[in-house]
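Asker:
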Ligand code: XMP
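Residue numbers (the working numbering): 4 to 527.
(1) Buried or exposed: residue 213, going by 16 or more other Cβ atoms within 10 Å of its Cβ?
(2) Taking one C-beta from the region 433-447 and one from the region 306-317 each time, how about it: are there three or more such pairs within less than 8 Å?
(3) If the criterion is Cβ atoms closer than 8 Å, does the pair residue 48 and residue 38 meet it?
(4) Nearest by alpha-carbon distance to residue 384: which of 187, 31, 233 and 298 is it?
(5) If contacts are defined as beta-carbon pairs under 8 Å, then residue 58 and residue 91 qualify, I think. What distance do you get, rounded to the angstrom?
(6) From the DSSP output, read off the bridge partner residues of residue 157.
(7) Taking the continuous beta strand (DSSP E) assigned at residue 471, which residues delimit it?
(8) Would you list, in sequence order, the uninterrupted alpha helix (DSSP H) runs of no fewer than 4 residues that lie entirely inside the region 82-122?
(9) Could you round the C-beta distance between residue 448 and residue 477 to whole angstroms and report it? I think they count as a contact, below 8 Å.
(10) Check each candidate in 308, 250, 298 and 302 and name the one with the smallest Cα separation from residue 280.
(11) Would DSSP call residue 423 helix, strand or coil?
(12) Judging by CA-CA distance, which residue of 155, 176 and 183 is the nearest neighbour of residue 165?
(13) At a cut-off of 7 Å, is residue 524 close to the ligand XMP when judged by its beta-carbon and the heavy atoms of the ligand?
(14) Need the endpoints of the alpha helix (DSSP H) that residue 247 sits in, please.
(15) Is residue 482 near the ligand XMP, with its Cβ less than 7 Å from a heavy atom?
(16) If you measure between the beta carbons of residue 13 and residue 200, is that distance less than 8 Å?
(17) Should residue 336 be listed as close to the ligand XMP, given that the test is whether its C-beta is under 7 Å from any heavy atom?
(18) Closest to residue 194 by CA distance: which of 131, 253 and 245 is it?
(19) Which residue wins for smallest C-alpha separation from residue 116, given the options 97, 256 and 140?
(20) Could you tell me the alpha carbon to alpha carbon distance between residue 371 and residue 331, rounded to whole angstroms?
(21) Kindly indicate which three-state DSSP category residue 334 falls into: helix, strand or coil?
(22) Using 8 Å for Cβ pairs, my map puts residue 179 next to residue 96. What's the rounded Cβ distance?
(23) For residue 457, which beta-bridge partners are listed by DSSP?
(24) Once you ignore the five residues that flank residue 86 on each side, which residues in its own chain have a CB closer than 6 Å to its CB?
(25) List, from N- to C-terminal side, the alpha helix (DSSP H) runs of 4 residues or more that fit wholly inside the region 286-318.
(26) Grab me the residues of residue 257's own chain with a C-beta within less than 6 Å of its C-beta, minus the 5 sequence neighbours each way, in chain order.
(27) Between 468, 454, 227 and 339, which lies nearest to residue 373 when the distance is taken from Cα to Cα?
(28) At what residue ranges does the region 170-241 contain a whole run of the alpha helix (DSSP H), taking only runs of 4 or more?
(29) Roughly how many angstroms lie between the CA atoms of residue 322 and residue 366, to the nearest whole one?
(30) So, at 8 Å on beta carbons, what are the nonlocal neighbours of residue 466 in its own chain, with the 5 sequence-adjacent residues on each side left out?
(31) When DSSP builds the beta bridges, which residues end up paired with residue 138?
(32) What does the alpha-carbon distance come out to for the pair residue 497 and residue 133?
(33) How is the alpha helix (DSSP H) around residue 411 delimited, first residue to last?
(34) Hey, would you say the C-beta of residue 41 is under 7 Å away from at least one heavy atom of the ligand XMP?
(35) Given this structure, state the Cα-to-Cα distance separating residue 505 from residue 426, to the nearest angstrom.
(36) Using the three-state DSSP reduction, which class does residue 23 fall into: helix, strand or coil?
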């Protein structure tokens, strides 16, 4: 996208820190559009983005080491404001003529975790926030440190372990922090970054989802022209938002295909079809493939084989339907920014970890189509915001993530229609109770699991011998790690009672207390 369409942008140069994505979050929270580029591709991104300021990230590398990454010289020649964070501060210092020493040479072990700094001078970065003489909590994580800064710089804050905790050259608008302002453990960090992008770089902070939507619509029209686009809907938020956005851009040139594998939650297929056909009037092919999936799954108990069969069959069905429509040149996908960042390592080469749990992963290569990925610059919560901007109902946009293989990976052992029906009922009761208690939005994902275990119970005066239902609820930021949601026991007792009373086939309910790691969120 062009800088002019976005009200000014910031370029974040990534040297491989684990938390570079958080810098982007903080900049966007300040109402400014930004993109991350690996240092090796930063020059190209700089020319394309025409940013109003630059942020240099942290890194696992060490500036004094030969071959450690450097920022392209063009960034320093541009005359634009630069904020260097941790390694970014050190590399800036080094490239501008200062000195950085490794921890083992300074005889100090570095600083890790919470630290306190003292402000020694006022500066633009601290505007309206920190004053000379004050002490503030920050989060440090560095072994090396600046031992002599480059000409023009002054110390504006120091900590016990880092005499150059914050340095500034206010004439050139260069700032360097030894600590990480992007992490939550630096309580004022978001405001410091907002000060940089607004006060130092002079950006208005008016980047909105409405502006993003308009710019994207123009971009999609330009990319697609009068050609046809096909989009696989999974029932999830990402593909739905991508489809609605593309439909706004090119209308009837878009066809959506919803492969209903019969492993959806209660009413899910109806909701998707109703929303797309009824509400938006978007051309939608609804393929009822329940029989095909369930017969293929019959007798299979191995989790990986179940997953592989579902993935492959999904692609087969999708391809068959695409062929019926005939001649779409583009395939739309709801790829998000974290997937994009994770698939390119900071050295610019392909990363070893490519996400395996993409719903329609494998399609682009097989179908040899060009991709339309209108969400590839957005984070999950920004996608939700864009969905609301496009008029998608709150209840749809705020839904918990649901895995591509659906209920099949929540039924350990063999999957049958009967088991799916039992699980759908239990899951619906659980989610209804969570919603009634006002807890839905506080939970990342909550679902029921049907175990391949039968236990003895007594109902009325009769003996029962039925299945066990497991309940799971976790909090998470990105699904990579997760904590167990701590329900009150009265709530769980109530859910258990309802499920046992209302769902025939279940006579016992257990709650899963496993965090991730060591568990995964799904059971298979
Ligand atoms: P795990 O079970 O790996 O799940 O802790 C992490 C997150 O990913 C979701 N998940 C999937 N999503 N296709 C998807 O679209 C899949 O095959 C898949 N497997 C897991 C899971 O629901 C959780 O949000």
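Where is the CB? At the ideal position from N, CA and C, for every residue including glycine.
Just so you know, these numbers come straight off a predicted model, no measurement behind them.
Answerer: Reading it off the structure:
(1) Position 210 of the chain shown holds residue 213. By the 10 Å Cβ count, residue 213 comes out exposed.
(2) Segments in contact, no.
(3) Translated into positions along the chain shown, residue 48 becomes position 45. Translated into positions along the chain shown, residue 38 becomes position 35. Yes, these two residues count as a Cβ contact at 8 Å.
(4) Here residue 384 is taken as the residue at index 381 of the chain shown, counted from 1. Checking every option, the nearest Cα to that of residue 384 belongs to 31.
(5) Walking along the chain shown from the start, residue 58 turns up at place 55. Walking along the chain shown from the start, residue 91 turns up at place 88. Indeed they touch by this definition, with Cβ atoms about 7 Å apart.
(6) The count along the chain shown starts at 1 and reaches residue 157 at position 154. In the DSSP assignment, residue 157 forms a beta bridge with 171.
(7) Residue 471 sits at position 468 when you count from the first residue of the chain shown. From DSSP, the beta strand (DSSP E) with residue 471 extends over 465-478.
(8) Segments of the alpha helix (DSSP H) lying fully in the region 82-122: 90-98 and 106-109.
(9) Position 445 of the chain shown, counted from the start, is the residue given in the question as residue 448. Position 474 of the chain shown, counted from the start, is the residue given in the question as residue 477. The C-beta separation of residue 448 from residue 477 comes to about 6 Å, placing the pair in contact by the 8 Å criterion.
(10) Here residue 280 refers to the residue found at position 277 of the chain shown. Minimum Cα distance to residue 280 is reached at 250.
(11) Start at 1 with the first residue of the chain shown, and residue 423 comes out as number 420. In the three-state reduction of the DSSP assignment, residue 423 falls in the helix class, which pools H, G and I.
(12) Working through the chain shown from its first residue, we reach residue 165 at position 162. It is 183 whose Cα lies nearest to the Cα of residue 165.
(13) As a working mapping, residue 524 is identified with position 521 in the chain shown. Yes, since a heavy atom of the ligand XMP falls inside the 7 Å radius drawn around the Cβ of residue 524.
(14) On the chain shown, position 244 is the one that residue 247 refers to. Segment 240-253, the alpha helix (DSSP H) holding residue 247.
(15) Taking the chain shown and counting its residues from 1, the one referred to as residue 482 is at position 479. Correct: residue 482 has its Cβ closer than 7 Å to the ligand XMP.
(16) As a first step, residue 13 is located in the chain shown; it is residue number 10 there, counting from the start. As a first step, residue 200 is located in the chain shown; it is residue number 197 there, counting from the start. Annotated as proximal: residue 13 and residue 200, with beta-carbon spacing under 8 Å.
(17) On the chain shown, position 333 is the one that residue 336 refers to. Because no heavy atom of the ligand XMP lies under 7 Å away, the Cβ of residue 336 does not count as near it: no.
(18) As a position in the chain shown, residue 194 is number 191, starting the count at 1. It is 131.
(19) For this step, residue 116 is matched to residue 113 along the chain shown. Considering only alpha carbons, the answer is 140.
(20) For the purposes of this step, residue 371 is taken as the residue at position 368 of the chain shown. For the purposes of this step, residue 331 is taken as the residue at position 328 of the chain shown. Between residue 371 and residue 331, the C-alpha separation is close to 11 Å.
(21) As a position in the chain shown, residue 334 is number 331, starting the count at 1. It is a strand residue.
(22) For the purposes of this step, residue 179 is taken as the residue at position 176 of the chain shown. For the purposes of this step, residue 96 is taken as the residue at position 93 of the chain shown. Rounded, the Cβ-Cβ distance is 7 Å, consistent with contact.
(23) Along the chain shown, one-based indexing puts residue 457 at 454. Bridge partners of residue 457: 470.
(24) Position 83 of the chain shown holds residue 86. Cβ within range, chain order: 58, 178 and 199.
(25) Fully enclosed alpha helix (DSSP H) runs of 4 or longer: 293-300.
(26) Residue numbering aside, residue 257 sits at position 254 when the chain shown is read from its first letter. Once the five neighbours on either side are set aside, the close Cβ partners of residue 257 are 232, 249 and 250.
(27) Indexing the chain shown from 1 puts residue 373 at position 370. That would be 227, whose Cα lies nearest to the Cα of residue 373.
(28) As summarised for the region 170-241, the continuous alpha helix (DSSP H) elements at least 4 residues long and confined to that stretch are 192-198 and 212-227, given in chain order.
(29) Mapped onto the chain shown, residue 322 falls at position 319. Mapped onto the chain shown, residue 366 falls at position 363. Answer to the nearest angstrom: the Cα atoms are 8 Å apart.
(30) Numbered from 1 along the chain shown, position 463 holds the residue referred to as residue 466. Apart from sequence neighbours up to five positions away, the residues of its chain that approach residue 466 with a beta-carbon distance below 8 Å are 459 and 460, ordered along the chain.
(31) For the purposes of this step, residue 138 is taken as the residue at position 135 of the chain shown. Residue pairing by DSSP puts residue 138 in a beta bridge opposite 121.
(32) Here the question's residue 497 lines up with position 494 in the chain shown. Here the question's residue 133 lines up with position 130 in the chain shown. Taking the straight line joining both Cα atoms gives about 50 Å.
(33) Counted from its first residue, the chain shown places residue 411 at position 408. Careful: residue 411 lies outside any alpha helix (DSSP H) and carries neither H nor E.
(34) Here residue 41 is taken as the residue at index 38 of the chain shown, counted from 1. Checking the 7 Å criterion, the Cβ of residue 41 is out of range of every heavy atom belonging to the ligand XMP.
(35) Numbered from 1 along the chain shown, position 502 holds the residue referred to as residue 505. Numbered from 1 along the chain shown, position 423 holds the residue referred to as residue 426. Rounded to whole angstroms, residue 505 to residue 426 spans 12 Å at the Cα level.
(36) Counting from 1 along the chain shown, the entry for residue 23 is found at position 20. Three-state result, residue 23: helix.
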